[in-house]
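**Student:**
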Amino acid sequence: MKDTVLSRFNVQNIKYAIPDATAENGWGKPVAYGTATKMALETDSAVKKIYGDGRRICSIVNDKGKTGTMTTNNINDEYEIAMGRKMRLKNGLADIKQQKNVVHCVYFETCGVDDKGGMPIAKTWLYGVTSSRPSESYDQNTDDINESTFDTPLEMEGVNLKGADGKDYKDDKGNIIVVWQMTVTPDDEGYETFGDEVVLPVAVDAQA
108 MKDTVLSRFN VQNIKYAIPD ATAENGWGKP VAYGTATKMA LETDSAVKKI
158 YGDGRRICSI VNDKGKTGTM TTNNINDEYE IAMGRKMRLK NGLADIKQQK
208 NVVHCVYFET CGVDDKGGMP IAKTWLYGVT SSRPSESYDQ NTDDINESTF
258 DTPLEMEGVN LKGADGKDYK DDKGNIIVVW QMTVTPDDEG YETFGDEVVL
308 PVAVDAQA
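Here this note's numbering is used: position 196 in the sequence shown is 303, and no number is missing along the way.
1. Here's the rule: buried if 16 or more other CB atoms are within 10 angstroms of the residue's CB, otherwise exposed. What is V118?
2. To the nearest angstrom, how far is it from the Cα of M263 to the Cα of R192?
3. Count the other CB atoms, across all protein chains shown, that sit within 10 Å of the CB of Y158; report buried if there are 16 or more and exposed otherwise.
4. Going by DSSP in three states, A271 sits in which element: helix, strand or coil?
5. On the three-state DSSP scale, how would you describe P126?
6. Go ahead and label A315 buried or exposed: buried means 16 or more other beta carbons lie within 10 angstroms of its beta carbon, across all protein chains shown.
7. Would you mind stating whether K280 and V309 have Cβ atoms separated by less than 9 Å?
8. Can you confirm whether the stretch 174-187 touches the stretch 250-262 when touching is taken to mean that 3 or more C-beta pairs between the two stretches lie within less than 8 Å?
9. Please list the terminal residues of the continuous beta strand (DSSP E) segment that includes D294.
10. Could you tell me the alpha carbon to alpha carbon distance between P293 and P227, rounded to whole angstroms?
11. Restricting to runs no shorter than 3 residues, where is the beta strand (DSSP E) found entirely within the stretch 150-199?
12. With burial defined as no fewer than 16 other Cβ atoms inside 10 Å of the residue's Cβ, what is the status of M194: buried or exposed?
Here it is in structure tokens:
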């Protein structure tokens, strides 16, 4: 039985992985992004209420994924190059017009406190991520050092859940299940190596 996590805080060890057709799981080796101060994730969903005979007859959930903001202490130039927003030139590093949306995966860790007094680290992968150019703001308005942080907008389209047979997993109504993110804690199988490569979600059993 898992211990109950009472509180979760901090964000650390952000990494990203871009597609690699030569890799067995289809993703390249995760690359460290840099230090972070915040990872804010929000659901992008709504409920459509349908009425008939003067009453509500059903409600349909329109779940479009998740959006988020990754706040870091600095901009990672190699990440921006991989996303197609920067380019190394002969005489410097240039911001360029973005011509593509690179779908990738983002990894991060959070700390916690459980009901036994332990401090478990949770590890999370975000799937089907696209990002926009981070905002930049620099200022000096006090006698102290005014450090800057940088917000990178994220959108998650997710990946299809797979069965043990490698096929798309379907629920009992025939619907393919889309996974936006997956998190493991120390009691989960594969926890130690979870951040070493992109771990794709697999259901407990396989269905046709």
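Beta carbons are placed, not taken as given, at the ideal position from N, Cα and C, and that holds for glycine.
**Tutor:** To lay it out plainly:
1. What you label residue 118 is simply residue 11 of the sequence shown in a count that begins at 1. With 16 or more Cβ atoms within 10 Å of its Cβ, V118 is classed as buried.
2. On the sequence shown, position 156 is the one that residue 263 refers to. On the sequence shown, position 85 is the one that residue 192 refers to. Those two C-alpha atoms are separated by around 19 Å.
3. As a position in the sequence shown, residue 158 is number 51, starting the count at 1. So Y158 counts as exposed.
4. Locating residue 271 in the sequence shown gives position 164, counting from the first residue. Looking at A271 - three-state DSSP - the assignment turns out to be coil, as it is neither helix nor strand.
5. The residue labelled residue 126 in the question sits at position 19 within the sequence shown. In the structure shown, P126 sits in a strand (DSSP, three-state: E or B).
6. Reading the sequence shown from its first residue, position 208 is the one you call residue 315. Caution applies to A315, whose pLDDT of 42 falls short of 50 and renders its modelled position unreliable; the model cannot decide the point.
7. For the purposes of this step, residue 280 is identified with residue 173 of the sequence shown, where counting begins at 1. For the purposes of this step, residue 309 is identified with residue 202 of the sequence shown, where counting begins at 1. No, the pair does not count as a contact, with Cβ atoms beyond the cut-off.
8. Touching, yes, given that three or more Cβ pairs across the two stretches are closer than 8 Å.
9. Here residue 294 refers to the residue found at position 187 of the sequence shown. For D294, there is no enclosing beta strand (DSSP E), as DSSP gives it neither H nor E.
10. Within the sequence shown, the letter at position 186 stands for residue 293. Within the sequence shown, the letter at position 120 stands for residue 227. If I take the Cα positions, the gap works out to 7 Å.
11. Counting only runs of 3 or more, we get 162-179, 193-196.
12. The residue you call residue 194 lines up with position 87 of the sequence shown. M194 comes out exposed.
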